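> Structure in structure tokens, see below.
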Amino acid sequence: MPPTGRPAHELLAELRGLRAGDAPTRGGWTFAYVYDSGLPQLDELATAAYGVFATVNGLDPTTFPSVARLENDVVRAVSAVLGAPGAQGSFTSGGTESILLAVKTARDHARAVRGVTRPRLVLPSTAHPAFHKAAHYLGLETVVVPVDPVTFRAVAPAVAEAIDERTALVVASAPSYAHGVLDPVADIAAAAAQRGVLCHVDACIGGWFLPFLARAGRPVEPFGLSVPGVTSVSVDLHKYGYADKGASVVLYRDADLRRHQYFAHAGWPGYPVVNPTVQGTKSGGLLAQAWAVLHHLGTDGYTALARRVALAADELLPGLRATDGVRVLGEPAGSLVAFTVTGTDGAPDLSLVLHVADEMRERGWYLQPQLSYEDLPPNLHLTLTPATGDRVGALLADLAASVSAARASEPVTVDPALADLAAALDPDTLAPEEVAGILAFAGLGGEPGLPSRMAPVLALLDALPPRLKERMLTEFIGSLFSI
Ligand SMILES: Cc1ncc(COP(=O)(O)O)c(C=O)c1O
């Protein structure tokens, strides 16, 4: 703490300076982390709307009735697009919170209505890690069902097979984050309904894009609450809703189901507590900015933006397919694309994938490397937004150059002896210093910050068993937040 306060202008200058080292959040260079509508007035509107509500406490809508009004407006809008008669929901801080709440709701519903005391969560292997986090936090057992290795979609009969009397919730994605493909929602939901089990559709990333893509005239399979058997849906407004971070909605088929989400506590000497969502005290600012952006764009605005993304995909997908050594994975539902890079034998090549990521980074593009998982190949992931729309040609040209440069680079390899040694370690009993040793070997340690080329680090990570990977990631992130 500074002993005496510093002037506002100096602090703001320092904050602006810090941003210089970050990935750009506007301009369409950075995929996955940011969603750029390309409309500068939206940023101004969101900031101003946040400011109006920044000091409001969303904890108590009886003291701040404006909060209930704004939340009802937002949930009603989401319900109009993805709901069914009787739907009810909540505004949350993001996809992870919406999913956490949907899983809690299902757990408590299964206990209350079906007497399930050891609940299970059935999910395709491509379901977002937020479900594993929810299961971990809330004490559910996960049952992971492999997806089809060619289409990357969940296999409905296999999901149906995994449902049993302990299943509290079955999950489908619309679309999946990793490959951007739509699961067979109707079949999965029907299988769940047949067993009297709830079904959540994770539309965090697609829920505010696909309906507008349909309005723009493109074919989109239905996935919302109107699909028989779907009992809850999560939709992030801070992704294709183009609101600032901290905005999502979880929607249920009715208030009876949503009731299981709420937490109330009257057994203490303080004020009577009722929290619909995870947070207690929360600023009204995030809700206000999401409300403003949603109403500023309206159906026409979102449809126009979805059309721009669709046109960008129309240019990108054939361009990728025509790029030597690039293979698009599955049939992307719209705005998310995963592609791998193949070696001379035509098989996905981890070293090339990782080198291409580094080469693209050097050219200013932030693609997201995704490592191999069971029989699914390593790949690069990108999320199209309107801001990239005008620059697909430049992206493809840089990609072709990056693939050539990757082919000319020394392949990244992991010493098999090291991989074997690492595989034999017990991640749960490793001391922090031992993990630090492996991290240093991987090139993460000593110097602050990340190495300029991540390929060697990610190649080692790819070779490690999942639990050891998780342990290393935990220690690594801990080291970044070390004071
Ligand atoms: C399909 C899907 N579900 C859940 C999430 C988690 O959302 P958040 O990062 O907002 O917590 C994401 C994030 O990308 C996602 O794409």
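So that you can map any letter, position 363 of the sequence shown is 466 in this note's numbering, and since no number is skipped, the others follow by simple counting. Ideal Cβ positions, reconstructed from N, Cα and C, are used throughout, including at glycine. It should be emphasised that the depicted structure is a prediction, and the values quoted were computed from it without experimental measurement.
Assuming Ala-275 and Ala-292 form a contact by the criterion Cβ under 8 Å, report the distance between their Cβ atoms to the nearest whole angstrom.
So it is a contact: roughly 7 Å between Cβ atoms.
> Let me check you understand the geometry: is the CB of Ala-233 closer than 7 Å to at least one non-hydrogen atom of ligand 1?
yes
> Taking DSSP as the reference, what is the three-state secondary structure of Thr-443?
strand
> How many whole angstroms separate the CB atoms of Ala-558 and Val-506, which I take to be in contact at a CB cut-off of 8 Å?
Not a contact, Cβ separation roughly 14 Å.
> Touch check for the stretch 380-400 and the stretch 136-155: three-plus C-beta pairs under 8 Å?
yes
> To the nearest whole angstrom, what separates the beta carbons of Trp-311 and Tyr-355, a pair I think is in contact under 8 Å?
So it is not a contact: roughly 18 Å between Cβ atoms.
> Report the option in Arg-122, Pro-519, Ala-135 and Ala-123 whose CA atom is closest to the CA atom of Tyr-469.
Ala-135
> Between Ala-526, Ser-555, Ile-586 and Arg-556, which lies nearest to Met-575 when the distance is taken from Cα to Cα?
Ala-526
> Return yes when the C-beta of Thr-199 is under 7 Å from any heavy atom of ligand 2, and no when it is not.
This structure simply doesn't include ligand 2; it includes ligand 1 instead.
> For the stretch 517-526 against the stretch 430-443, do three or more pairs of beta-carbon atoms, one drawn from each stretch, fall closer than 8 Å, so that the two count as touching?
Taking 8 Å as the limit for Cβ pairs, the verdict is that the stretch 430-443 does not touch the stretch 517-526.
> What does Tyr-355 pair with, by DSSP beta-bridge criteria?
Gln-191 and Ser-335
> Quick one: grab the DSSP three-state call for Pro-421.
The three-state reading of DSSP puts Pro-421 in helix, counting H, G and I together.
> Scan the stretch 157-208 and note each continuous beta strand (DSSP E) run of 3 residues or more that stays entirely inside, going in chain order.
191-195
> Go through its chain and collect everything with a Cβ distance to Val-288's Cβ below 8 Å, but skip five positions before and after it.
Ala-275, Ala-277, Val-304, Glu-324, Pro-325, Phe-326, Val-330 and Val-333
> For Pro-110 and Leu-173, I'd like the C-alpha separation in whole angstroms.
Near 35 Å, if we compare the C-alpha coordinates of Leu-173 and Pro-110.
> Taking 7 Å as the cut-off, does the CB of Tyr-476 come closer than this to any heavy atom belonging to ligand 1?
Outside the cutoff, so no.
> Buried or exposed for Glu-200, going by 16 or more other Cβ atoms inside 10 Å?
buried
> Within the continuous beta strand (DSSP E) that includes Glu-244, where are the two ends?
244-248
> Can you give me the C-alpha to C-alpha distance between Glu-537 and Asp-125, rounded to a whole angstrom?
30 Å
> Just verifying my parser: in three-state terms, what is the DSSP assignment at Asp-290?
In this structure, Asp-290 counts as helix in the three-state DSSP scheme.
> Under DSSP, the beta strand (DSSP E) around Phe-366 begins and ends at which residues?
That run of the beta strand (DSSP E) goes 366-368.
> Tell me whether Leu-142 sits in a helix, a strand or coil according to DSSP, three-state version.
coil
> Closer than 8 Å by C-beta to Arg-177: which residues in its own chain qualify, once you throw out the five before and the five after it? Chain order, please.
According to the sequence as given, residue 177 is Val; it is not Arg. Phe-194, Leu-340, Val-352, Leu-390, Ala-393, Trp-394 and Leu-397, listed in sequence order.
> Round the Cβ separation of Pro-489 and Gly-141 to the nearest angstrom and send it over; I've been treating them as touching at under 8 Å.
Sure, about 4 Å apart at Cβ, within 8 Å.
> What is the residue span of the beta strand (DSSP E) that Pro-472 lies within?
471-473
> Return the first residue and the last residue of the beta strand (DSSP E) that Ser-276 is part of.
270-276
> Let me confirm a value: Asp-529 is counted as buried when at least 16 other C-beta atoms fall within 10 Å, else exposed. Which label applies?
exposed
> Can you name the start and end residues of the beta strand (DSSP E) that Val-304 belongs to?
Taken as a continuous stretch (DSSP letters only), the beta strand (DSSP E) holding Val-304 covers 301-305.
> Closer than 7 Å: is that where the CB of Ser-276 sits relative to any heavy atom of ligand 1?
Result yes, Cβ under 7 Å from ligand 1.
> Determine the closest residue to Ser-475 out of Leu-241, Ser-228 and Leu-498, with distance taken between C-alpha atoms.
Ser-228
> In chain order, what residues of the same chain have a beta carbon less than 7 Å from the beta carbon of Val-376, not counting five sequence neighbours either side?
Ala-367 and His-368
> Could you pull out every residue in the same chain whose Cβ sits closer than 7 Å to the Cβ of Arg-210, ignoring the five residues on either side in sequence?
Same-chain partners within the cutoff: Pro-222, Leu-241, Leu-243 and Ala-271.
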